[in-house]
Amino acid sequence: MDKIIYFDNSSTTKPCETAIKYLNEALTANWGNPSSLHSLGLAAEQEVFLARKAVADTICATPEEIYFTSGGTEANNLAIMGAVSALKKRGNRIVTTTIEHPSVLEVMKKLQNDGFDVVYLAPDKNGVVGVDDINNAINKNTILVSIMLVNNETGAVQPIKAAAEAIKKSGAPALLHADCVQAFGKMQIDVNKLCVDLLSISGHKIHGPKGIGALFKRKQKNIHPLILGGGQEKGLRAGTENVPLICSLRGAIEEIGNINHNLSLLKELNSYARQKICESLPEASFNSNEACLPYILNFSLNTHRSETILHYLDANNIFISSGSACAKGQKSHVMTAMGLENRRIDSALRLSFNRYNTKQEIDRFCEVLKNACATLRKA
Numbered sequence: 018m019d020k021i022i023y024f025d026n027s028s029t030t031k032p033c034e035t036a037i038k039y040l041n042e043a044l045t046a047n048w049g050n051p052s053s054l055h056s057l058g059l060a061a062e063q064e065v066f067l068a069r070k071a072v073a074d075t076i077c078a079t080p081e082e083i084y085f086t087s088g089g090t091e092a093n094n095l096a097i098m099g100a101v102s103a104l105k106k107r108g109n110r111i112v113t114t115t116i117e118h119p120s121v122l123e124v125m126k127k128l129q130n131d132g133f134d135v136v137y138l139a140p141d142k143n144g145v146v147g148v149d150d151i152n153n154a155i156n157k158n159t160i161l162v163s164i165m166l167v168n169n170e171t172g173a174v175q176p177i178k179a180a181a182e183a184i185k186k187s188g189a190p191a192l193l194h195a196d197c198v199q200a201f202g203k204m205q206i207d208v209n210k211l212c213v214d215l216l217s218i219s220g221h222k223i224h225g226p227k228g229i230g231a232l233f234k235r236k237q238k239n240i241h242p243l244i245l246g247g248g249q250e251k252g253l254r255a256g257t258e259n260v261p262l263i264c265s266l267r268g269a270i271e272e273i274g275n276i277n278h279n280l281s282l283l284k285e286l287n288s289y290a291r292q293k294i295c296e297s298l299p300e301a302s303f304n305s306n307e308a309c310l311p312y313i314l315n316f317s318l319n320t321h322r323s324e325t326i327l328h329y330l331d332a333n334n335i336f337i338s339s340g341s342a343c344a345k346g347q348k349s350h351v352m353t354a355m356g357l358e359n360r361r362i363d364s365a366l367r368l369s370f371n372r373y374n375t376k377q378e379i380d381r382f383c384e385v386l387k388n389a390c391a392t393l394r395k396a
């Protein structure tokens, strides 16, 4: 059987050795409750602090601004619902985009049903929301702006800083939230330069385990909790901290290494993939332009439905996707919002890379993909 080639890292990543090591250590040797006052509890509390600091250092925040959650979905829900609950007496408008992850869009749908004025900004053909549209949408009644930093289907980078400037200019009481699940650990993030108040991350996108994420909340800002209980995470997220997963997240962060070095390698890999796809299948059209984060490369064949191609690749031990795993096969709302025609959407394929992928894997992928298209043409 051929060696597994895995290009679906935006859906999830394989846990790295350090993440697994720290997980096992926490399960077997450091299993105390971090809220307990005895030595076992204090040891666990110290491990949680080290993980909190690892997250904070990666985004230029402070440890006391990091709150652990069960993942990116909970972090997004907590940021949005918590902010709206805290600010609902000061305004009614919420600004977001049509290309957000479902963990944002479904919350927005609920808030809209509850009577809030939710404004959805559409992207241009490159998948990027316009600065003018952001400026026009934010007014003095805006209480929250939620825009992802990197889109999970195309890799398009959104103008978060422009939203911060628009909020300041409007005099709105709005908090600025950024879903950074696809950006964290893959590009340099400085919460102070981005001027965000809230920022969400997830462990299983950076070779950590599933079930752990975190929310950055600027210490001067206030949001309301969703889960009430024993007062853990300074009262913002009750429930005994999941020390093994928290420690494992720290391990994943430590193994990232130099973010800029990794980004340089991924730019080279992405460029190579574009070249090989063009050589193998000239009919392909790219839905991710070269300004997108190079960890993601989305393209369409325009001739065969992506589902058919996925099955062929799967049979050859090559694993990619047609878009977000959370869409469960539904038509991409992201590419629909970009205004792409149905044929291009229906034939879209997403390669999402990790720092361990190689050019040899790209070669094998293009070879099998070319054979797949040839076989389907004959059929």
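Residues in the sequence shown are numbered consecutively from 18, following the working numbering. C-beta atoms are modelled at their ideal positions from N, C-alpha and C, and glycine is treated no differently.
Taking the alpha helix (DSSP H) that residue i belongs to, which residues open and close that run?
i      : result
ARG361 : 359-363
LEU286 : 276-297
TYR404 : In the structure as shown, the chain starts at 18 and stops at 396, and residue 404 therefore has no counterpart that could be examined.
VAL148 : 148-154
ASP380 : 376-395
LEU128 : 119-130
GLU272 : 260-273
THR353 : 350-354
Flag this pair as yes or no: are the beta carbons of residue i and residue j separated by less than 8 Å?
i      : j      : result
ASN26  : PHE370 : yes
ALA365 : ASN304 : yes
LEU393 : THR325 : yes
ASP149 : ARG110 : no
PRO261 : LEU253 : no
ASN334 : LYS20  : yes
ILE412 : ILE206 : An answer regarding residue 412 cannot be provided, because it is not within the stretch 18 to 396 covered by the chain.
GLY89  : SER265 : no
THR320 : ALA231 : no
ILE223 : GLY247 : no
LEU386 : LEU327 : no
ILE76  : PHE233 : yes
GLY147 : TYR312 : no
ASN374 : LEU286 : yes
ASN93  : VAL121 : yes
ILE9   : ALA354 : The chain is shown only over 18 to 396; residue 9 falls outside these bounds and no answer can be derived.
ARG235 : GLU82  : yes
LYS293 : ASP380 : yes
ILE337 : LEU318 : no
GLY99  : ILE240 : yes
Following the continuous beta strand (DSSP E) through residue i, name the residue where it begins and the one where it ends.
i      : result
THR113 : 110-114
THR159 : 159-163
ILE313 : 313-317
LYS234 : 230-234
VAL135 : 134-138
Please report how far the alpha carbon of residue i lies from the alpha carbon of residue j, in whole angstroms.
i      : j      : result
ALA96  : HIS221 : 19 Å
GLU91  : LEU215 : 13 Å
LEU166 : HIS118 : 11 Å
LEU310 : ALA255 : 35 Å
ALA181 : HIS55  : 44 Å
ARG107 : VAL101 : 10 Å
LEU67  : LEU40  : 14 Å
LEU245 : ASP131 : 22 Å
ALA78  : ALA36  : 22 Å
ARG360 : ARG291 : 20 Å
PHE316 : TYR289 : 14 Å
VAL213 : ALA189 : 14 Å
ASP363 : GLU62  : 49 Å
THR45  : SER219 : 24 Å
HIS278 : GLN199 : 17 Å
GLU358 : THR29  : 28 Å
TYR84  : LEU138 : 29 Å
LYS142 : TYR329 : 29 Å
GLU250 : THR257 : 9 Å
ASN50  : VAL174 : 39 Å
LEU104 : VAL208 : 21 Å
GLN377 : GLU384 : 11 Å
ILE273 : GLU42  : 20 Å
HIS350 : LYS186 : 31 Å
LEU211 : LYS178 : 5 Å
Indicate whether at least one CB of chain B lies closer than 8 Å to the CB of residue i.
i      : result
LEU211 : Looking for chain B here will not work: only one protein chain is present.
Ignoring anything shorter than 4 residues or poking outside the region 178-219, list the alpha helix (DSSP H) runs there in chain order. 208-211
Is the region 154-161 touching the region 189-205 in the sense that three or more CB pairs, one from each, lie closer than 8 Å? yes
Give the list of continuous alpha helix (DSSP H) stretches no shorter than 4 residues that lie fully inside the region 35-97. 56-75
If contact is defined by three or more beta carbon pairs under 8 Å, each pair taking one atom from either stretch, is the region 266-285 in contact with the region 122-133? no
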